[in-house]
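The sequence shown begins at -13 in this note's numbering and counts up by one. Glycine is no exception: its CB is placed at the ideal position from the N, C-alpha and C atoms. Everything numeric in this text was worked out from a predicted model, so none of it was measured. Here the structure is laid out as structure tokens; the discussion comes afterwards.
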Amino acid sequence: MIVTSTFSVALANEAATAHLMADLALLIGPGEVIALSGDLGAGKTAAARALIRYLATDDTLEVPSPTFTLAQSYELPAFPLVHADLYRINDASELEEIGLAPLPDGAVALIEWPERAPDAMPPDRIDIALSHRPALGSNARAAEITGHGKAAAVVTRLKALRQFLENAGYIDARRERMPGDASTRSYARLFDDNGSVILMNSPRRPDGPPIYDGKSYSAAVHLAEDVKPFVSIDNGLRDRGFSAPAIRHSDIDLGFLITEDFGKDGIVEGDPPAPIMERYEAATDMLAALHREKLPEALPLTPQLTYDIPVFDIDAWLVEMGLMIEWYLPDRGITLASDLRDEFLAMWRTLLEKPAAAPRTWVLRDFHSPNLIWLGERTGILRLGLIDFQDAVLGPATYDLVSLLQDARIDVPEQLELTLLSRYIKARRATEEHFDAASFAELYAIMSAQRNTRLLGTFARLNGRDGKPHYLKHQPRIWTYLTRSLAHPALAGLREWYAAHVPPPVS
-13 MIVTSTFSVA LANEAATAHL MADLALLIGP GEVIALSGDL GAGKTAAARA
37 LIRYLATDDT LEVPSPTFTL AQSYELPAFP LVHADLYRIN DASELEEIGL
87 APLPDGAVAL IEWPERAPDA MPPDRIDIAL SHRPALGSNA RAAEITGHGK
137 AAAVVTRLKA LRQFLENAGY IDARRERMPG DASTRSYARL FDDNGSVILM
187 NSPRRPDGPP IYDGKSYSAA VHLAEDVKPF VSIDNGLRDR GFSAPAIRHS
237 DIDLGFLITE DFGKDGIVEG DPPAPIMERY EAATDMLAAL HREKLPEALP
287 LTPQLTYDIP VFDIDAWLVE MGLMIEWYLP DRGITLASDL RDEFLAMWRT
337 LLEKPAAAPR TWVLRDFHSP NLIWLGERTG ILRLGLIDFQ DAVLGPATYD
387 LVSLLQDARI DVPEQLELTL LSRYIKARRA TEEHFDAASF AELYAIMSAQ
437 RNTRLLGTFA RLNGRDGKPH YLKHQPRIWT YLTRSLAHPA LAGLREWYAA
487 HVPPPVS
């Protein structure tokens, strides 16, 4: 029996319809089919237009009704979308002529008048039936949303999201799409008379099947699978005087948060983006300040619950680097023999003993330009607004410094990297008499090689598994950083192995 989930919502005007479609857009992904039904003038095209404009982040985008063209395609930032109108279809066989049979793979299909070809509608879909409600106002509509099959979970979550926004007082707020990251989380900026806040949608979801000793990839490498780590680390950072966003409203069980909005001012500028020296210096100083603190290994989540921060250990690092073998090398036409794979892992296991034995601090993990917001009205290290730290672990201080000074998204010149590395070491030495700069530099090189090896595989997987080819453009930069780290004398053996078995990415 096909699972269904349904709920109804009253829409006072076209703005309310736009809010509903924006909320739905936050939850959908490639392959989703949305069928819009209703009488003439019920608002199907207005609803479709609102969804497309939200996903395009363009409130003025021309979205014509496809009544005569039958189908219109859009290349949107998150995924392609096909908007179809079947009103003039006489037979389901005509769908093949307009590219809708079969439905396009990897795209969202937004279909008006689905009742004209009911047999062509897939069992996994979202139906939105719109109708006039003149008793509520001349522009009022009602929408009945039903999820069938796998799409039932989307509709169930949509209903929960709408209730969360209602309870928080943001059901009538204007929504603005925010770019997503490489995870399953999604974000929106909400606007009302008091300004703006950030909506985070973070459903509990393991990253893949349990293939690493019974664990999913996310569990094996300690990636957050729900919103609890974010809340705990956020409060821990704020309690220690760092600029993490205040949490205004939360539903921890469902994974919905509304947080303070730090704005859009980052630590890079230009085209292509390049580091702003003052802001990178402040970020370096912030890390030094964090790493000087004596930090707990567990944090309160609620008065009754404690969150234990996981340890970033050798096994997690090796699983991460396995992505290079599983995804990057096959992309380059190479299948590594089992003896070479064992050799690779053995070399790395030995190298990683030093960072595993190093003093542990909070590793925020993705401490780089997309996640650092400049708060110029504040002073000192408070000028660095921190986001996207839900994957934080306990590990070596060098990891986040590598993440910052070898930014995966922008080019950090080697001289700037060395200047900021020296700045960090000087800051640590100023308060720690026995800080060993040479040992720190070696650990920095090891964690750089580990992180960049992992990123080569991660970006290949994002392309091959998740349909996100834009990450491949970063691979040449990652290769440059990897080459820098392999130049350290402690990595001489690894450098020879990579030279023999790991080709550079395609530029």
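Can you round the beta-carbon distance between F498 and L390 to whole angstroms, since I take them to be within the 8 Å contact cut? Residue 498 lies beyond the residue range present for the chain, which begins at -13 and ends at 493; the question has no answer from this structure.
How would you label P63, buried or exposed, when you count the other beta carbons within 10 angstroms and need 16 or more for buried? exposed
Find the nearest neighbour of T(-10) within the set M310, N187, T142, judged by alpha-carbon distance. T142
Cα-Cα separation, R171 to A210: 11 Å
Bridge-paired residues (DSSP) for H235: I244
Contact check, G249 vs I359 under 8 Å by CB: the rounded distance? 6 Å
Hey, could you find the ends of the beta strand (DSSP E) Y173 is sitting in? 172 to 178
Suppose you measure from the CA of Y198 to the CA of T(-8); what does that come to, to the nearest Å? 37 Å
Is T321 helix, strand or coil by DSSP? coil
Can you give the Cα-Cα distance for A87 and A42, rounded to whole angstroms? 25 Å
Which two residues bound the contiguous alpha helix (DSSP H) that contains V140? Bounds of the alpha helix (DSSP H) holding V140 are 138 to 154.
Answer yes if the stretch 237 to 246 comes into contact with the stretch 186 to 195, meaning at least three C-beta pairs across the two stretches below 8 Å, and no otherwise. yes
Go through the stretch 368 to 415 residue by residue and report every complete run of the alpha helix (DSSP H) that reaches 4 residues or more, in order. 384 to 391
Reducing DSSP to helix, strand and coil, say where E61 ends up. strand
Since I believe V349 is in contact with F421 (beta carbons under 8 Å), could you give me their beta-carbon distance rounded to a whole number of angstroms? Not really, about 18 Å apart at Cβ, beyond 8 Å.
Quick check on DSSP: helix, strand or coil for E312? helix
Between P356 and the rest of its own chain, which residues show a CB-CB distance below 7 Å, the 5 nearest in sequence each way excluded? R395
Report the three-state DSSP secondary structure of D113 (helix, strand or coil). strand
Under a Cβ-count criterion, where at least 16 other Cβ atoms within 10 Å of its own Cβ denotes burial, should V492 be classed as buried or exposed? Counting C-beta atoms within 10 angstroms of its own C-beta, V492 has fewer than 16 neighbours from the protein chains shown and is therefore classed as exposed.
Buried versus exposed call for F494 [16 or more other C-beta atoms within 10 Å across all chains shown]: This structure cannot settle anything about residue 494, because the visible part of the chain is limited to -13 through 493.
In terms of alpha-carbon separation, which member of S51, I295, A11 lies closest to G166? A11
Identity of the residue in Y293, V254, P282 nearest L238 by Cα: Note on residue identity: the sequence assigns Ile, not Leu, to residue 238. Checked all of Y293, V254, P282; the closest Cα to I238 is Y293.
Do you know how far the Cα of S471 is from the Cα of A34? 50 Å
Could you round the C-beta distance between G135 and I(-12) to whole angstroms and report it? I think they count as a contact, below 8 Å. 5 Å
Could you give the distance in angstroms between the alpha-carbon of Y467 and the alpha-carbon of S51? 49 Å
DSSP puts K201 in a beta bridge; with which residues? Y198
Would you call the stretch 447 to 462 in contact with the stretch 367 to 380, where contact means no fewer than 3 C-beta pairs closer than 8 Å? As far as the Cβ criterion goes, the stretch 447 to 462 does not touch the stretch 367 to 380, which means the pair count is below three.
Is the separation between the beta-carbon of T384 and that of Y314 shorter than 7 Å? no
Chain-order list of residues whose beta-carbon lies under 7 Å from that of L89 (same chain, five-residue window excluded): V19, A95, P108
Relative to the C-alpha of A342, which candidate in E101, L368, E80, M433 has its C-alpha closest? M433
Straight-line CA distance for P490 to P462? Spanning the two alpha carbons is a distance of roughly 8 Å.
If you drop the 5 nearest sequence neighbours on each side, which residues of the same chain put their C-beta closer than 7 Å to that of F393? In the sequence as presented, Phe is not what sits at residue 393; that position holds Asp. Exclusion of the five residues before and after D393 leaves H354, S355 as the residues of its chain whose Cβ lies within less than 7 Å of its Cβ.
Under the three-state reduction of DSSP, which class applies to N(-1): helix, strand or coil? coil
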